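The structure appears right after this line, and notes come after that.
Number of protein chains: 2
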Amino acid sequence: MSPKSETRKEEIVRVAAQLFKEKGYTAVTMRDIAAKMGIKAASLYNHITSKQDILDAVIISLAEAFTNGMQSIKSSNNNTIDKLKQIIQLHVKLSSQNSYAMASLNNDWMHLEERLDYYKKLRVEYEDDFRTILVDGITASDIIEANPEVMLFSILTTLRSLYIWIPKKEDLNLEEFTTTLYQILIEGIINK
Amino acid sequence: MSPKSETRKEEIVRVAAQLFKEKGYTAVTMRDIAAKMGIKAASLYNHITSKQDILDAVIISLAEAFTNGMQSIKSSNNNTIDKLKQIIQLHVKLSSQNSYAMASLNNDWMHLEERLDYYKKLRVEYEDDFRTILVDGITASDIIEANPEVMLFSILTTLRSLYIWIPKKEDLNLEEFTTTLYQILIEGIINK
DNA sequence: TGATGAAACTAACAGTTGTTAGTTTCATAA
DNA sequence: TTATGAAACTAACAACTGTTAGTTTCATCA
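Okay, here's the thing in structure tokens:
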């Protein structure tokens with residue numbers, strides 16, 4: 001029926017991510033994950049090698065999806081405003097499709113071990129690319145001459161928190177939402 | 001020397017909050033907290049009654065500080081724009097003075113137990129007050145007619161994340177920063 | 001039918017957790 | 001000097017942690 005049905009490992013990672021969002025990585029036990037799947041904790045080890053392995057799977061693939069998205073935005077020849085629109089679209093899309101994993105990406109990354117440095121590298125590169133778009137936009141007079149660090153912080157923290165908010169709004173029209181978000185983040189809310 | 005020197009309990013709460021920010025509440029052990037203070041875990045219990053007690057102390061007093069700040073902004077007779085400026089000021093001030101506790105407020109509130117409902121009540125009331133300011137601002141044509149839920153989410157998530165960013169900038173001029181933040185959050189970044 | 005292998009199970013492990021009980025240390029006050 | 005009390009200590013606990021070893025179940029296929 002399903003075109004490519006979920007493997008048992010993928011199911012474990014998906015269920016674990018939900019629990020990680022509710023309680024955080026450390027507070028979730030292997031017995032919690034197993035119970036939610038209707039099996040015993042020891043059975044999980046037929047499919048994964050460790051609890052750490054689950055966290056790696058949750059975080060790294062999503063972090064790479066952000067990196068890939070940024071690469072294609074970067075390499076397009078769009079102007080600043082269109083690039084910013086595309087970044088907002090990227091976050092709305094990935095956050096609505098992976099709202100559980102986004103929680104770990106934001107809150108549990110410090111519990112990565114072997115893959116911690118790799119994750120940090122991806123994050124720094126993403127921020128560098130974003131900052132470059134803003135600085136180029138200032139140079140081109142597309143955006144105002146405010147501190148690019150503060151702009152980056154302000155926009156990115158909102159985008160990184162979408163996972164908290166999106167799932168609460170059941171009947172959310174994502175396209176309309178993206179447009180409103182663009183308006184508020186980029187054009188401001190004041191009536192001049 | 002110090003006008004009102006820190007009690008031992010306050011010291012425990014302060015040290016614990018630093019560790020909670022680094023690793024999250026669940027990942028921090030009583031032995032971690034004790035080690036950082038140069039004593040044994042059992043000795044902590046001369047001053048506090050439980051680990052839970054520490055988390056309560058970290059989170060609740062800060063949550064109440066936000067509530068108190070909002071009360072005085074609400075009851076002032078300022079216009080929408082000045083109220084928004086004051087809210088930004090409140091967050092910058094409390095986040096710079098309590099950057100460790102802010103992390104628990106954002107990430108560890110779900111591990112509150114007896115005080116969980118009280119915390120949730122404070123948070124909902126704070127958001128309701130903020131929303132009312134925005135809706136009144138739309139009515140008064142001070143701000144644009146965008147979805148107030150999206151505005152609230154967008155501004156508040158940035159303000160709630162200040163604790164991540166502020167301590168990284170050593171020589172940050174808080175007053176200048178507040179002004180820049182106001183400009184970006186309220187007036188937008190586009191060059192029209 | 002009998003063999004195979006994936007995926008569940010039971011039982012147990014060694015280490016860590018928050019916490020308690022009882023004891024010692026030591027500056028200050030009587 | 002002696003007594004007091006705050007605040008440290010050692011030792012231990014029961015519960016829980018991630019993980020391993022060995023076993024059982026059962027659908028599939030030669």
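Here the protein sequences line up with chains A and B, keeping their order. Sequential numbering of the first sequence, starting at 1, is according to the numbering used here. Sequential numbering of the second sequence, starting at 1, is according to the numbering used here. Beta carbons are placed, not taken as given, at the ideal position from N, Cα and C, and that holds for glycine. Predicted model, so just to flag it, every value in this text is computed and none were measured.
Assumed close pair residue i, residue j - CB separation to whole angstroms, cut-off 8 angstroms
| i | j | result |
| --- | --- | --- |
| B:Thr80 | B:Ala140 | 6 angstroms |
| B:Ile59 | B:Ser104 | 5 angstroms |
| A:Asp82 | B:Asn191 | Not quite, the Cβ-Cβ distance comes to about 15 angstroms (not below 8 angstroms), so this is no contact. |
| A:Thr157 | B:Thr157 | 6 angstroms |
Which of helix, strand or coil DSSP assigns to residue i
| i | result |
| --- | --- |
| A:Ile144 | coil |
| B:Ile39 | coil |
| A:Ile190 | strand |
| B:Thr139 | helix |
| B:Asp25 | First, the amino acid is wrong: residue 25 of chain B is Tyr here, not Asp. The answer is coil: DSSP assigns B:Tyr25 none of H, G, I, E or B. |
| A:Arg115 | coil |
| A:Ser5 | coil |
| B:Asp108 | coil |
| B:Asn68 | helix |
| A:Ser49 | Rather than Ser, the amino acid found at residue 49 of chain A in this sequence is Thr. Correct three-state label for A:Thr49: coil. |
| B:Asp82 | helix |
Short CB-CB distance (under 7 angstroms) between residue i and chain B
| i | result |
| --- | --- |
| A:Thr80 | no |
| A:Ala27 | yes |
| A:Gln183 | yes |
| A:Gly69 | no |
| A:Ile39 | no |
| A:Ser141 | yes |
| A:Asn77 | no |
| A:Thr179 | no |
| A:Phe153 | yes |
| A:Thr132 | no |
| A:Asn191 | yes |
Nearest candidate by alpha-carbon position, reference residue i, set the options
| i | options | result |
| --- | --- | --- |
| A:Glu22 | A:Tyr163, A:Leu156, A:Phe177 | A:Tyr163 |
| B:Lys40 | B:Met110, B:His47, B:Arg31 | B:Arg31 |
| A:Leu90 | A:Thr67, A:Lys120, A:Asn77, A:Ile190 | A:Thr67 |
| A:Glu114 | A:Tyr182, A:Ile133, A:Thr132, A:Ala57 | A:Ala57 |
| B:Ala65 | B:Arg123, B:Glu10, B:Asp117 | B:Arg123 |
| B:Asp128 | B:Tyr25, B:Ala35, B:Pro148 | B:Pro148 |
| A:Ile73 | A:Asp53, A:Tyr126, A:His111, A:His47 | A:Tyr126 |
Proximity test, Cβ basis, 7 angstroms: residue i and chain A
| i | result |
| --- | --- |
| B:Asn173 | no |
| B:Val165 | Note that residue 165 of chain B corresponds to Trp in the displayed sequence, not to Val. Interface residue, yes. |
| B:Met30 | no |
| B:Ile59 | no |
| B:Asn98 | no |
| B:Phe66 | no |
| B:Ala103 | no |
| B:Phe20 | no |
| B:Ala146 | yes |
| B:Gly188 | yes |
| B:Ile50 | The displayed chain sequence assigns Ser, not Ile, to residue 50 of chain B. Output row for B:Ser50: interface = no. |
Beta-carbon gap between residue i and residue j smaller than 7 angstroms
| i | j | result |
| --- | --- | --- |
| B:Val150 | A:Thr180 | yes |
| A:Arg160 | A:Asn107 | no |
| B:Glu187 | A:Gly137 | no |
| B:Leu174 | B:Val92 | yes |
| B:Trp109 | A:Phe153 | no |
| B:Ser96 | B:Met102 | no |
| A:Tyr25 | A:Leu62 | no |
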